[in-house]
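See below for the structure under consideration.
Protein chains: 2
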Amino acid sequence: MDLTERQKRILRAVVETYVQTAEPVGSKSILAHSDLNVSSATIRNELAELTALGLLEQPHTSAGRVPAPKGYRFYVNALMEEHRLSVQETERLNEAMHLKLRELDRVMDEAGRIVSRLTQYPAFALSAGKPRVTVKRFDVLLVERAAFIAVVMTDNDHLSNRLFRLPQELSREQLQMLASLLNGSFTGLTLEEFTPQLIRAAAQALGDEMGLVSMVVSFAMEVLEEQRGRMVKTAGLDSLLAHPEYQDLSRAQPLMRYLAQAENVGALTVPEGQTTSVLIGPENVHEALKDSSVVLATYDMGDNTKGVIGVVGPTRMDYATVLARLEYVAQSLSRLFERGQLPDSTEKEDP
Amino acid sequence: MDLTERQKRILRAVVETYVQTAEPVGSKSILAHSDLNVSSATIRNELAELTALGLLEQPHTSAGRVPAPKGYRFYVNALMEEHRLSVQETERLNEAMHLKLRELDRVMDEAGRIVSRLTQYPAFALSAGKPRVTVKRFDVLLVERAAFIAVVMTDNDHLSNRLFRLPQELSREQLQMLASLLNGSFTGLTLEEFTPQLIRAAAQALGDEMGLVSMVVSFAMEVLEEQRGRMVKTAGLDSLLAHPEYQDLSRAQPLMRYLAQAENVGALTVPEGQTTSVLIGPENVHEALKDSSVVLATYDMGDNTKGVIGVVGPTRMDYATVLARLEYVAQSLSRLFERGQLPDSTEKEDP
DNA sequence: CATTAGCACTCGGAAAGAATGAGTGCTAAT
DNA sequence: ATTAGCACTCATTCTTTCCGAGTGCTAATG
Chain C
1 MDLTERQKRI LRAVVETYVQ TAEPVGSKSI LAHSDLNVSS ATIRNELAEL
51 TALGLLEQPH TSAGRVPAPK GYRFYVNALM EEHRLSVQET ERLNEAMHLK
101 LRELDRVMDE AGRIVSRLTQ YPAFALSAGK PRVTVKRFDV LLVERAAFIA
151 VVMTDNDHLS NRLFRLPQEL SREQLQMLAS LLNGSFTGLT LEEFTPQLIR
201 AAAQALGDEM GLVSMVVSFA MEVLEEQRGR MVKTAGLDSL LAHPEYQDLS
251 RAQPLMRYLA QAENVGALTV PEGQTTSVLI GPENVHEALK DSSVVLATYD
301 MGDNTKGVIG VVGPTRMDYA TVLARLEYVA QSLSRLFERG QLPDSTEKED
351 P
Chain X
1001 MDLTERQKRI LRAVVETYVQ TAEPVGSKSI LAHSDLNVSS ATIRNELAEL
1051 TALGLLEQPH TSAGRVPAPK GYRFYVNALM EEHRLSVQET ERLNEAMHLK
1101 LRELDRVMDE AGRIVSRLTQ YPAFALSAGK PRVTVKRFDV LLVERAAFIA
1151 VVMTDNDHLS NRLFRLPQEL SREQLQMLAS LLNGSFTGLT LEEFTPQLIR
1201 AAAQALGDEM GLVSMVVSFA MEVLEEQRGR MVKTAGLDSL LAHPEYQDLS
1251 RAQPLMRYLA QAENVGALTV PEGQTTSVLI GPENVHEALK DSSVVLATYD
1301 MGDNTKGVIG VVGPTRMDYA TVLARLEYVA QSLSRLFERG QLPDSTEKED
1351 P
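Taken in order, these protein sequences are the chains called C and X. Just so we're aligned: the first sequence equals residues 1 to 351 in the working numbering. Just so we're aligned: the second sequence equals residues 1001 to 1351 in the working numbering.
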């Protein structure tokens, strides 16, 4: 798509004022917002041109212009200046991030909240799905005469534990044997490799009258199941209603419903090889998103797995700012996973 | 408040048809819905009476009647028949409940979802706050040359763990000593009793050059902090918009915002000595709830602590059914906590 | 005295019409 | 190529009109 310099400036002016005002923008206001030295009539001609190209559209004959999805796309690809976070902004973001982020669950939850607060759009955080997870290590701890804790550590260093109470007492030796059996037979296996035969054989080897093996093994299987799946957290659903395009309930409701379903949100991904993704209106495949936009950024969870954070909002979105903030949070998350800590707020760097 | 039998029947008819239709109900439709053998004129007289008593109200002169909050209150207190769950219903509920409910976090999350699905209203689940939580037991497990897992078990049998990586290698003996020190010095203490002095003394006693003590202790403190707070999970926010009273965005939005704030929802409680609570419209203290109703039920988490589940919806709510379902879920949760398992679906009993 | 039939009246809401004005597209002039 | 000027379009807003469900009251009835 080839545009003259003047057309680009006009397109950009339309996008940027529309993003602010949410009102169709007319030739006069472009005159004010950009510093073109031409008359409104000239601009009208250009607008007609841009409309013919499918970059803008007219809600009705006597209204101003509104960016069409293609227009936003052009803006995002070619016109948008990279939004540089100001010092204040960085500080605010860091402040927001400096929370007790630890367990994955918590991290995802908080990340979603933070992004939503930062962008004023509903946000979500997805942890990476990991198709092959295995148990790295089992531990069992005797806690009372007839209760023990099983600790399962997966190969992505996630820990889970559960307390088991038993009808009978248990000796330290029995537990010891249980532990070495488990570590011997069930580490390094994916969920599929936990076959009933294997479990039965192990139980027999231990002479397991209380079903200890199956207890712990099925716990381990739950853990693997859980680790394998993507975790989906959404936040800030309520902020959707704050935007004028969703004042119309018939638009807000399907989107809300979409967002409330974890499996929908979990299906959102960033194309291979990219770290961010912007899908504008009809570019989205899911019906409920057809007239909204989705902005995504990936973060690194270590282990070559990627998580995703993102927001959903009207196509009229300040893509530059939203992208910048998402990227910043994604970057911070990557560092969190890499180093086990959040970046120092004084540190400054360009991606 | 004394009503004649006929007045009661009329009030009840108004509430019940209004709950279904969401339209003001007139004298004629009452005639149809109830089996009074009187004319519409008589009913009109009674309606005027009930309106004068503040039990009904008229949106405008030429409209039918709508229950006033006092009317709902009377209905809930005196008129409402206890909704008996049908066999099908029970089955559906059980099916919904039979999920992998384990970790508290997950339980709360699921409970909220289930209640929301069951009632078609936004729902929430609160775990009990526990003012005095202590660590019951510490365990440490060596996992690699320079990494260990700390497991903290609190007196409500909650388990948390964390993996610590260290710059230096660690001997099994060192860890052993760490464990006994922690168990000796820090079990049975509330968060407040973890004084800096105590921590310093413990570190010295161990000759702790790597800061092991402070690592594990601050982890334990996080755990206590977390266990002390109430956990708040909300679900089904989107179902709010499905109800006609929230088609008006100016009503839906504040309520959404209210529900999105954990601290708001967390403040909802059931009065001492009751197991359920119904707050109708203006009976609510929080501004955002003034024209909605809140229905709550408590469940028993063991340890004499009570959790709460509940829903928020329009005052026009089918209180009988909602209450019955909430109670059922609450009961199931209680049993889950008591026995560590869900009630058998074949089992049937009256509360 | 409670109940009822009958009827005038009220008032919200839908439908139709009129006024407003921002913004366009076109034409003719520069 | 640009621009001033002007007729025209069409959402939006404000009135006006109309409709009917439902009431409240009165007078008649058992």
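C-beta atoms are modelled at their ideal positions from N, C-alpha and C, and glycine is treated no differently.
Practice task
Enumerate in chain order the residues of its own chain whose CB-to-CB distance from S160(C) is below 6 Å, with the five nearest sequence positions on each side excluded.
Solution key: V152 and V223
Handout entry: Nearest-angstrom Cα separation, counted from A1068(X) out to L1047(X)
Key = 12 Å
Problem - Segment limits, beta strand (DSSP E) that includes L141(C) - result: V135 to E144
Exercise for the section: Count the CB pairs spanning the region 59-76 of chain C and the region 9-28 of chain C that are closer than 8 Å, and state whether there are at least three. Expected result: yes
Handout entry: Span of the alpha helix (DSSP H), counted from its first residue to its last, around A1179(X)
Key = R1172 to F1186
Handout entry: Reduced DSSP category for D1300(X) - H, G, I as helix; E, B as strand; rest coil
Key = strand
Handout entry: M1080(X) to R1012(X) span [Cα, whole Å]
Key = 8 Å
Practice task
Please look up how many angstroms separate the CB atoms of A147(C) and R162(C), rounded, as I've assumed it's under 8 Å.
Solution key: Rounded, the Cβ-Cβ distance is 11 Å, inconsistent with contact.
Problem - Residue span of the beta strand (DSSP E) that contains P1314(X), given as start and end - result: K1306 to P1314
Handout entry: Reference S1185(X); option with closest CA among R1006(X), L1198(X), T1090(X) and G1266(X)
Key = L1198(X)
Problem - D35(C) at chain X interface by Cβ criterion, 8 Å - result: no
Handout entry: Coarse secondary structure for S292(C), derived from DSSP in three states
Key = strand
Practice task
Check each candidate in R132(C), F337(C) and N284(C) and name the one with the smallest Cα separation from R228(C).
Solution key: R132(C)
Handout entry: DSSP state of K1100(X) mapped onto helix, strand, coil
Key = The predicted position of K1100(X) is uncertain, since its pLDDT is 49 and thus under 50; no value can be drawn from it.
Exercise for the section: Give a yes or no on whether the C-beta atoms belonging to V216(C) and F124(C) are separated by under 8 Å. Expected result: no
Practice task
Could you name the residues that DSSP lists as bridge partners for L163(C)?
Solution key: I149(C)
Practice task
Could you round the C-beta distance between Y328(C) and L85(C) to whole angstroms and report it? I think they count as a contact, below 8 Å.
Solution key: 6 Å
Problem - C-beta contact flag for V278(C) and S293(C) at 8 Å - result: yes
Problem - Assigned exposure category for G1188(X) - 16 Cβ within 10 Å defines buried - result: exposed
Exercise for the section: May I have the straight-line CA-CA distance separating L1333(X) from G1211(X), to the nearest angstrom? Expected result: 41 Å
Exercise for the section: Spell out whether any CB of chain X is found under 8 Å from the CB atom of R257(C). Expected result: yes
Handout entry: Neighbouring residues, chain C, relative to I1199(X) (Cβ below 8 Å)
Key = By Cβ distance, chain C contributes nothing, its closest Cβ being about 18 Å from I1199(X), past 8 Å.
Exercise for the section: Along the alpha helix (DSSP H) that carries A252(C), what are the first and last residues, could you check? Expected result: L249 to A260
Exercise for the section: Measuring alpha carbon to alpha carbon, tell me which of L36(C), V322(C) and L336(C) ends up nearest E89(C). Expected result: V322(C)
Practice task
Give a yes or no on whether the minimum CB-CB distance between D1238(X) and chain C is below 8 Å.
Solution key: yes
Practice task
Output yes or no for whether 8 Å exceeds the beta carbon distance between L118(C) and R325(C).
Solution key: yes
Practice task
Taking C-beta pairs closer than 8 Å, name the residues in chain X that V143(C) reaches, listed in chain order.
Solution key: R1137 and M1153
Practice task
Starting from S1034(X), trace the beta strand (DSSP E) both ways and give me its first and last residue.
Solution key: Run containing S1034(X): none; DSSP gives neither H nor E here.
Practice task
Below 6 Å CB to CB, which residues in the same chain sit around Y1299(X) once its five sequence neighbours on both sides are set aside?
Solution key: G1307, A1330, L1333 and S1334
Handout entry: Strand pairing of V232(C), partner residues [DSSP]
Key = L126(C)
Handout entry: Sequence-distant residues of its chain with Cβ nearer than 8 Å to G112(C) (five each side left out)
Key = A123, F124, A125, K233, T234, A235, G236 and I309
Handout entry: L1055(X) - DSSP class collapsed to helix/strand/coil
Key = coil
Practice task
Give me the Cα-Cα distance between Q7(C) and E16(C), rounded to the nearest whole angstrom.
Solution key: 14 Å
Handout entry: Opposing strand residues paired with P67(C) [DSSP bridges]
Key = L56(C)
Handout entry: Span of the beta strand (DSSP E), counted from its first residue to its last, around L1279(X)
Key = T1276 to I1280
Practice task
Whole angstroms is fine: what's the gap from D2(C)'s alpha carbon to V76(C)'s?
Solution key: 15 Å
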